[in-house]
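Residue numbers (our numbering): 1 to 287. Heads up, the beta-carbon is just placed ideally off N, CA and C, and yes, glycines get one too. Just so we're clear, the structure is a prediction, and the values are computed from it rather than from any experiment. See structure below.
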């Protein structure tokens, strides 16, 4: 088992952001959360004198058994680190911060969603979890490829539904806003902030199109295809470009072959030559 210092530091940073967000925005504004975190918030709102960090850690103990079985030794170690550090930050910020509700509850829900989502996204991106439903989310992501943000969103709905026992309907609705935004931010941070575009081009003039794209400094892959209706062989051009190059690429294709079939897809976290490596396969350095 080898733990990377960078991953450990990122997990601790993520839990710090999450712990701050819960104590700065969720609790003062009566906004619930999902999963074990939501349950600990409910207990905190019902019993203000309890230490939320201690409650959160205690609720996670039974789920550690599942984590040990499904995560593996390294991932489980990161989970322990994440759970302990989040429990510590919940207690720390719960002591340091004075609960001050914002005048605008919608704004509070947006802040809560961004901070909690960003914190969890960083934790997931570096292989950790904070225990609780995060373990189930990582298990489903590993087995079925289900988005972790989506799994957490469903689990959050169940806990938020139960929180209606003490929350007003208005608070529950604002909580839904925070939870939905958090799920989106989680996936955004996990997938990578950089978004590129992939172009799939089917044309009878692939040689000319490929030549023009190569002159722009972008790599091209030519795939062999076959038309299902015509039965004829086709060449398919595939390339990945930055978002600001998409219009230029479409114009090139339109000028060469106005009848070309073009599909443009979103691509996240592009790795390789032209994006993270130069033409000599050396890592690009940020200026």
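| field | CB-CB length for residue 51 against residue 91, believed under 8 Å | value | With a Cβ gap of about 5 Å, residue 51 and residue 91 count as contacting.
| query | Skipping 5 residues on each side, what residues in its chain have a beta carbon closer than 6 Å to that of residue 113? | reply | Here the set comprises 178, 181, 182.
| request: Can you tell me which of the three DSSP states residue 33 falls into? | output: Secondary structure of residue 33 (DSSP, three-state): coil.
| Separation of residue 261 from residue 43, as counted between CA atoms | Cα to Cα, the separation comes out at about 57 Å.
| query | In the DSSP assignment, what are the bridge partners of residue 143? | reply | Here residue 143 is not bridged, per DSSP, to any residue.
| message | Check this for me: beta carbons of residue 243 and residue 197, under 8 Å apart or not? | response | Yes.
| Residues near residue 208 in its chain [Cβ-Cβ closer than 7 Å; skip 5 each side] | Scanning its chain for C-beta atoms nearer than 7 Å, with the 5 sequence neighbours on each side dropped, one finds around residue 208 the residues 256, in chain order.
| query | Alpha carbon to alpha carbon, how far is residue 57 from residue 103? | reply | For residue 57 and residue 103, the distance between alpha carbons rounds to 32 Å.
| request: Could you pull out every residue in the same chain whose Cβ sits closer than 6 Å to the Cβ of residue 128, ignoring the five residues on either side in sequence? | output: Around residue 128: 11, 78, 82.
| said: Buried or exposed for residue 266, going by 16 or more other Cβ atoms inside 10 Å? | reply: That one is exposed.
| request: Label residue 65 either buried or exposed according to how many other C-beta atoms from any shown protein chain fall within 10 Å of its C-beta, with 16 as the threshold for buried. | output: With fewer than 16 other Cβ atoms within 10 Å, it is exposed.
| The beta strand (DSSP E) spanning residue 233 covers which residue range? | It spans 233 to 242 - the beta strand (DSSP E) in which residue 233 sits, taken as one unbroken run.
| task | Take the Cβ of residue 289 as the centre, count every other Cβ of all protein chains shown within 10 Å, and call the residue buried at 16 or more, exposed below. | result | Coverage of the chain is limited to positions 1 through 287, which leaves residue 289 absent and any answer about it impossible.
| said: Please classify residue 47 as buried or exposed, where buried requires at least 16 neighbouring CB atoms within 10 angstroms. | reply: With fewer than 16 Cβ atoms within 10 Å of its Cβ, residue 47 is classed as exposed.
| request: Compute the Euclidean distance between the alpha carbons of residue 117 and residue 132, then round it to the nearest angstrom. | output: Whole-angstrom Cα-Cα distance: 16 Å.
| Within 10 angstroms of its Cβ, does residue 4 collect 16 or more other Cβ (buried), or is it exposed? | When all chains shown are included, residue 4 counts as exposed.
| message | At the level of alpha carbons, what is the spacing between residue 248 and residue 187? | response | One C-alpha to the other measures close to 29 Å.
| For residue 230: DSSP bridge partner residues | Residue 230 is not bridged by DSSP to any residue.
| message | Less than 8 Å between the C-beta atoms of residue 202 and residue 236, yes or no? | response | Against a cut-off of 8 Å, the Cβ pair of residue 236 and residue 202 comes out as a contact.
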